[in-house]
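Notes follow the structure.
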Amino acid sequence: MGLARHIELLQIQRSFSGHTLFCEPQASDETLIAEVGTDRIDELFCHRNQTDQLMVLRGSIDLVVLQQKRLHHITLREDEPAWVRIPPGVPHGAINRGRTPALVVNAVLRHGPNDPRDYRPRRVPEALLDQWRSLAA
Numbered sequence: 004m005g006l007a008r009h010i011e012l013l014q015i016q017r018s019f020s021g022h023t024l025f026c027e028p029q030a031s032d033e034t035l036i037a038e039v040g041t042d043r044i045d046e047l048f049c050h051r052n053q054t055d056q057l058m059v060l061r062g063s064i065d066l067v068v069l070q071q072k073r074l075h076h077i078t079l080r081e082d083e084p085a086w087v088r089i090p091p092g093v094p095h096g097a098i099n100r101g102r103t104p105a106l107v108v109n110a111v112l113r114h115g116p117n118d119p120r121d122y123r124p125r126r127v128p129e130a131l132l133d134q135w136r137s138l139a140a
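Below you can see the structure in the form of structure tokens.
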């Protein structure tokens with residue numbers, strides 16, 4: 004069975020215990036925390052052997068994905084928690100319109116060895132720069 008080639012938006016299963024909110028754990032091979040700054044940088048990442056599973060913990064971002072030669076965006080916010088699953092081979096980036104950095108958790112699923120190229124940002128293709136800039140405006 005092959006990996007999905009489309010973005011999935013997953014609602015979070017939550018429960019309260021007293022004053023504490025618990026979210027169901029997301030299966031992963033490793034977990035990392037990233038801070039998305041407020042800079043407007045025209046860059047995308049594309050991973051060959053990993054699925055990113057992202058959720059905003061603080062702030063909000065517009066997740067931008069390149070599919071079918073078009074940029075699409077999904078708004079992720081701390082007050083509307085959801086996981087976004089990005090399969091291997093899908094270029095993606097983030098725009099933070101806020102005044103403070105956003106905090107994001109990534110529950111990474113590995114499908115093979117790390118490739119150093121996966122963590123080098125790529126420029127948004129010239130043909131899509133106007134669309135990117137309109138999303139970032």
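Counting in this note's numbering, the sequence shown tops out at residue 140, every number present.
By construction, the Cβ of each residue, glycine as well, lies at the ideal position given by its N, Cα and C atoms.
In this text, all values refer to a predicted model and were calculated from it rather than measured experimentally.
Residue i versus the options, residue with shortest Cα-Cα distance
| i | options | result |
| --- | --- | --- |
| residue 29 | 67, 55 and 44 | 55 |
| residue 103 | 25, 42 and 58 | 42 |
| residue 49 | 8, 136, 139 and 19 | 8 |
| residue 119 | 51, 21, 26 and 27 | 51 |
| residue 82 | 72, 73, 61 and 98 | 61 |
| residue 84 | 90, 91, 57 and 131 | 57 |
| residue 80 | 53, 132, 101 and 90 | 101 |
Residue i versus residue j - alpha carbon distance
| i | j | result |
| --- | --- | --- |
| residue 68 | residue 93 | 7 angstroms |
| residue 77 | residue 138 | 11 angstroms |
| residue 35 | residue 129 | 31 angstroms |
| residue 25 | residue 59 | 15 angstroms |
| residue 98 | residue 106 | 12 angstroms |
| residue 135 | residue 44 | 10 angstroms |
Pair within 8 angstroms by beta-carbon distance, residue i and residue j
| i | j | result |
| --- | --- | --- |
| residue 87 | residue 64 | no |
| residue 125 | residue 11 | no |
| residue 22 | residue 66 | no |
| residue 123 | residue 32 | no |
| residue 74 | residue 13 | no |
Under the three-state DSSP convention, the category residue i falls into
| i | result |
| --- | --- |
| residue 127 | coil |
| residue 55 | strand |
| residue 9 | coil |
| residue 88 | strand |
| residue 70 | strand |
| residue 105 | strand |
Chain C within 8 angstroms of residue i, Cβ atoms only
| i | result |
| --- | --- |
| residue 109 | In the displayed structure, chain C is absent; only one protein chain is listed. |
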